[in-house]
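What follows is a single structure, written as structure tokens, with notes after it.
2 protein chains.
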Amino acid sequence: MNLQAKANLIRKWCLKATTAAGSGHPTSCLSAADMMAVLFDQYFRYDINNPLNVYNDRFVLSKGHAAPLLYTVFGMAGAYPLDELLTLRKVDSRFEGHPTPKFIYAEAATGSLGQGLSVGAGLALLSKRESLPGKNYVLLGDGELAEGQVWEAANFAAYHQLDNLVAIADINRLAQSGETMFGWDAEKYEQRFKAFGFETIMINGHDFKEVQIAFEQAFYHQGDKPLAIVAHTIKGKGISFLEDRDGWHGKALNEEELQKAMKELGEPDDTLRLNLRAPDLTRSPMHQVLELKPELSFEKDKKYATREVFGQAIAEMGHQNTDLYVLDADVKNSTFAEAFLHVFPERFVECFIAEQNMVSVAAGLSRLGKIPIVATFGAFLTRAADQIRMARVSEANIKFVGSHVGVSIGEDGPSQMGLEDIALFGALPHTVIFQPADAVSTAKLTAHMIAHQGFVYMRTLRPKTPLLYQDKETFKVGGSKLLRQSKEDQLTIVATGIAVFEALKAADHLKEEGILVRVMDCYCINPIDQDTLIKCVQETKNAILITVEDHFAHGGMGDFVTAALAEQPVQLKKMAVQEISRSGKMEELLELAGINATAIVNQVHDLIPTAVFH
Amino acid sequence: MNLQAKANLIRKWCLKATTAAGSGHPTSCLSAADMMAVLFDQYFRYDINNPLNVYNDRFVLSKGHAAPLLYTVFGMAGAYPLDELLTLRKVDSRFEGHPTPKFIYAEAATGSLGQGLSVGAGLALLSKRESLPGKNYVLLGDGELAEGQVWEAANFAAYHQLDNLVAIADINRLAQSGETMFGWDAEKYEQRFKAFGFETIMINGHDFKEVQIAFEQAFYHQGDKPLAIVAHTIKGKGISFLEDRDGWHGKALNEEELQKAMKELGEPDDTLRLNLRAPDLTRSPMHQVLELKPELSFEKDKKYATREVFGQAIAEMGHQNTDLYVLDADVKNSTFAEAFLHVFPERFVECFIAEQNMVSVAAGLSRLGKIPIVATFGAFLTRAADQIRMARVSEANIKFVGSHVGVSIGEDGPSQMGLEDIALFGALPHTVIFQPADAVSTAKLTAHMIAHQGFVYMRTLRPKTPLLYQDKETFKVGGSKLLRQSKEDQLTIVATGIAVFEALKAADHLKEEGILVRVMDCYCINPIDQDTLIKCVQETKNAILITVEDHFAHGGMGDFVTAALAEQPVQLKKMAVQEISRSGKMEELLELAGINATAIVNQVHDLIPTAVFH
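Chains as they are written, first to last, in this note's numbering: chain B, 243 to 856; chain U, 243 to 856.
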């Protein structure tokens, strides 16, 4: 039978490639090979020359360790000679151990489990909202069905009635270190998908007739429910000494075993190909590169919460860039993302209280050229730290906005305070980090955030703050502002966010004592304004620099400053939050944390030679 | 009716306390007040004078924003005068905006949603394994049921047959920013709990008869399934102008509204009390403070993977400390946690691929004096960053072990590389961070990790490394080792983990050129060995220090070193991973990342005055 031969050719190359690499997960590929042969040979609509054609079907490999399966299937669909698969896992290969953007047919980097259904849901939501015909298939392993994110995605897909989303659950019983939670009791998974609002089909994943019926049903499936194909399969299927054997999870065959396996596969014909269907039409996503100018102006003597200005700004910018999408996890009235919802409900995505799914949905939207803004409390972005990490590996163009940062939120207490968010985003290479302190800089930096290609994180504040700038002031990636500056400055205080106002208060107080200090508003934390920092060190009477921020001491702005000045002769003092905070008034908590104006004044007194006090 | 009066007294104080505070979430308290009156007045077994009595029932408030409800219930149970509730959210109060350890009756800090069922599952697992009679009740909001972690916990509870766990789902329809996913369609939640293996009861949460029947059933419930009480409730119940009204989520009444509300409650009698049942017996958890000495010795010319030595060490130490528990998320054969499983299956907890639940289960175990070790890939600890953050707020005594750190893992590629783990743990105050580079230091530091009270994170390596130390060598929190040292040293290289071997290779190469450099093994990253660092700067010919690590540049060991030397006149150079890595051989990836011996040699050449090369 032709399908069997094609499935065996898939198996052959998964085995050969992993043996050539000397590592990998061949048995996880083999359990799904039959289903993939049917899907890609008979149902999958895809223009191999145009992976981003919005009329393509989409395939997400959630079980990323089965990467050779993905690579082989696209090779057999004509994307490249199968021989190239022998470069698997080599340093110059596009075929990495787990899918990454080097493989242009991968919809997302996977390999941290349980994220693919969310990515697929993001793609499916976009198809649905833009009335595109494509189906979105996601292959999941049974082990990863224990990840809560899968069920966040399931809820999301059912809520948004994504009937164009097809989950394929490969129930092969064996996970990495033993049997999964439910082994071959596939009904347990079916019950779960059904309870979460999916239509379900149960099949034997190695019976081509059953597999065909399932994909036929998926192909024509419509209605208000997503579909789950729950497939009973055998890990290592097709090779007698691999089938359903423990201890073979992350292991390649040696040469001798490979020869034996090849014989069992009956030496499949290398010229067999998978026949993709052509999509109905062709259209690539258009990237809108716009000069974003928010037409916002602010009243001089009024105070504004930067989180609120962010809301106003995106509601304005949504007119100028129709690729803008905004995602919320039920805090839209706190982050002020709701301002966008009111104007552009069709580009607003309510994810409810499920931050992990929200981030991976955003990765799906980004894949097709959208600019997703993910907004929640800074503290709750940590809930999706792994999804953020993987979205970064995916090179997704996501904008993150974390509100309620720092102890300045006050009475709600430590669980709601974003105090490790700069460490989280700062570790990820080339992530731009903004923290505007007033309304004007927030409006302008929101525009820069959207215009910048790549990861951006912006911190916003709960309390209202006075204006620091006039409407016409300009800002840039890598910039900063000197708010107090004279030729007589003794040292520099580098502050960000709420701490800017404490630094200014301190500077005013010190001025009365006759001590002049320079104050920098470090609104861009990464990349940091190294030139201005060095200039400050050189121009002040003492080569002393104090950093002040409402973030834990390690991994915050202070460490970016220190890194930028590592080769300078300078004395640095980092003022930041050193202990878990508590409930209380903002002023009390800033004082307890030792980052208020009084603490800064005391620090300056400690650092500059007493001589200058006269 | 007495119960109604008690429930209304609960309502009174939730309203009074939040009005006094000027903020809070009173309506979220009111929806569950009737159920709490029944539970605490009729079924809950608890010694108010001994919260840690292992025979107590346990109550976890997963919907942490209903904190005033928790505080009022324990006040009405006699823990303190109700008047003290008026200190709610004040800086010197034990009643924080969300529960924290300052409130000694809280089983865990909550307020980041969706974590309580896992904590309750941890407590229930312990009861079960130690044959204790207590019931473990968890009150969940409907909004948080969208969090995937809840379903990880549900799977876990069903798998481990925790019939002593009772989930109480408060389905009040309204979340923070609007209606929940399913509104009052409580059956949707019931279906989900049922599909995930729970026995379920659906009730009207304001009908005292139905509530009593449900808790009566819960009290006597036995078998192999956990129980979920799914309760249809009304947010703001009891106060006409709050009932089922949008826009009242995080809002306290003003004085006038409070007076109106008090009238509606019929001025409840302040002397009413909730009658806790007495637990059968009394026993507090015993803390074993042992001198942990692993009796491991290593062969001089053999190589060892530090992850494997960690496994051996805990398998040994499990004999010496019976409080030790080990938790796994299906990577026990990679982290080598399986070594513990083989000896102590009764203290091994398989969590399958659900890292979030694993961490919060560990917080539950820690609450009752156990010492949980959570072991997975360093990369996958980011999956539980929020749970780790909240466990830290809970002051839990958890030991985290992250294996497969850095690009040194090789072919599996970026999704599996722990490269932001030091940033994650380093940001959390007072978290000890170890990275042993060889077998001896791993065995010794594993002992220190267990003996240390508080958060510890230990990084382990995938590849095998040669021995650096002899069996008798000693290590300590805050220590380091100088591996190369002379009076002629030009500068110091501070390395950690796999980079230590690159630094040694570089030093040997440089020595051949006539350039002597000092090499420090920074096995304890936090707290860092500041004294030795300063000594190195002072003793080397040039005040130059290079840090080398297999971690992203921001938030790693380099930033700890820089912070420790911020006030020293020293030139610092941070060598770390600057880009997303890829698949390849370890040596190739270390080279690409610019952290191998050659890169270090080049860096030294760049930094020291050419004069010394002669």
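Glycine included, each C-beta is placed from N, C-alpha and C at the ideal position. As the structure is a computational prediction, the values presented were derived from the model and not from experiment.
Three-way DSSP call (helix, strand, coil) for residue i in this model
i, result
"His561 (chain U)", "helix"
"Gly383 (chain U)", "strand"
"Gly606 (chain B)", "helix"
"Lys816 (chain U)", "strand"
"Lys686 (chain U)", "helix"
"Met600 (chain B)", "helix"
"His856 (chain U)", "Bear in mind that the predicted position of His856 (chain U) carries a pLDDT of just 42, short of 50, making it too unreliable to give a figure here."
"Tyr401 (chain U)", "helix"
"Val296 (chain B)", "coil"
"Glu754 (chain U)", "helix"
"Arg701 (chain U)", "strand"
"Gly362 (chain B)", "helix"
"Pro708 (chain U)", "strand"
"Asn446 (chain B)", "strand"
"Phe794 (chain B)", "strand"
Own chain, CB closer than 7 Å to residue i, minus 5 neighbours either side, in chain order
i, result
"Ile880 (chain B)", "Given that chain B is displayed from residue 243 to residue 856, the structure contains no residue 880 (chain B) and the question cannot be resolved."
"Ala428 (chain B)", "Ile413, Met444, Val472 and His474"
"Pro343 (chain U)", "Ala351, Ser636 and Glu637"
"Ala785 (chain B)", "Val779, Pro811, Val812 and Gln813"
Sequence-distant residues of the same chain with beta carbon closer than 6 Å to residue i, five excluded per side
i, result
"His856 (chain U)", "Because His856 (chain U) sits at a pLDDT of 42, beneath the cut-off of 50, its placement in the model cannot be relied upon, and the point is left open."
"Leu374 (chain B)", "Val296"
"Thr804 (chain U)", "Leu814"
"Gln464 (chain U)", "Asp405"
"Thr725 (chain U)", "For the sequence presented, residue 725 (chain U) should be read as Leu rather than Thr. Same-chain partners within the cutoff: Val761 and Asp763."
"Thr548 (chain U)", "Pro678, Thr684, Thr702 and Leu703"
"Phe457 (chain B)", "Val280, Leu281 and Tyr285"
"Arg336 (chain U)", "Lys344 and Phe345"
"Glu662 (chain B)", "Phe794"
"Arg290 (chain B)", "Rather than Arg, the amino acid found at residue 290 (chain B) in this sequence is Ile. Contacts found: Ala319, Gly320 and Ala321."
"Asn838 (chain B)", "Glu744 and Leu832"
Sequence-distant residues of the same chain with beta carbon closer than 8 Å to residue i, five excluded per side
i, result
"Glu653 (chain B)", "Ser825, Gly826 and Lys827"
"Val846 (chain B)", "Gln732, Leu733, Ile735, Ala748, Leu752, Ile757, Val759 and Ile788"
"Gly655 (chain B)", "Ser823, Arg824 and Ser825"
"Lys467 (chain U)", "Ala400, Gln403, Asp405, Gly439, Phe440 and Glu441"
Delimiting residues of the beta strand (DSSP E) encompassing residue i
i, result
"Lys641 (chain U)", "Lys641 to Ser645"
"Asn768 (chain B)", "Cys766 to Asn768"
"Phe676 (chain U)", "Val674 to Phe676"
"Tyr285 (chain B)", "Neither: Tyr285 (chain B) is in no beta strand (DSSP E) and is coded neither H nor E."
"Asn414 (chain U)", "Taken as a continuous stretch (DSSP letters only), Asn414 (chain U) belongs to no beta strand (DSSP E), as it is neither H nor E."
"His529 (chain U)", "Counting along the chain, His529 (chain U) falls outside any beta strand (DSSP E), and DSSP gives it neither H nor E."
"Val591 (chain U)", "Phe590 to Glu592"
Limits of the alpha helix (DSSP H) - the one that residue i falls within
i, result
"Thr577 (chain B)", "Lys574 to Thr577"
"Asp801 (chain U)", "Met799 to Ala806"
Could you name the residues of the region 785 to 797 of chain U whose beta carbon sits closer than 9 Å to any beta carbon of chain B, in the order they occur along the chain?
His793, Phe794, Ala795, His796 and Gly797
Check whether the region 722 to 736 of chain U touches the region 749 to 759 of chain U, counting contact only when three or more Cβ pairs, one atom from each stretch, lie closer than 8 Å.
yes
According to a CB-to-CB cut-off of less than 8 Å, which residues of the region 338 to 368 of chain B neighbour chain U?
Glu338, Gly339, His340, Thr342, Lys344, Ala351, Thr352, Gly353, Ser354, Leu355 and Gly356
Anything in the region 752 to 783 of chain B with a Cβ closer than 7 Å to a Cβ of chain U? List those residues in chain order, please.
none
Three or more C-beta pairs under 8 Å: does that hold for the region 247 to 255 of chain U against the region 488 to 495 of chain U?
no
Are the region 352 to 364 of chain B and the region 375 to 383 of chain B in contact at 8 Å, needing three or more beta carbon pairs?
yes
Could you check whether the region 320 to 333 of chain U touches the region 601 to 611 of chain U, counting it as contact only if at least three pairs of C-beta atoms, one from each stretch, sit closer than 8 Å?
no
Compile a chain-ordered list of the residues in the region 658 to 671 of chain B whose CB is closer than 8 Å to at least one CB of chain U.
Gln658, Leu661, Glu662, Ala665, Leu666, Gly668, Ala669, Leu670 and Pro671
Check whether the region 267 to 275 of chain U and the region 299 to 316 of chain U touch, using three or more Cβ-Cβ pairs below 8 Å as the test.
yes
Are the region 389 to 397 of chain B and the region 475 to 493 of chain B touching, with three or more C-beta to C-beta distances below 8 Å?
no
Members of the region 600 to 622 of chain U near chain B, C-beta cut-off 8 Å:
Ala621 and Phe622
Members of the region 458 to 480 of chain U near chain B, C-beta cut-off 9 Å:
none
Are the region 605 to 614 of chain B and the region 619 to 639 of chain U touching by the rule of at least three beta carbon pairs closer than 8 Å?
no
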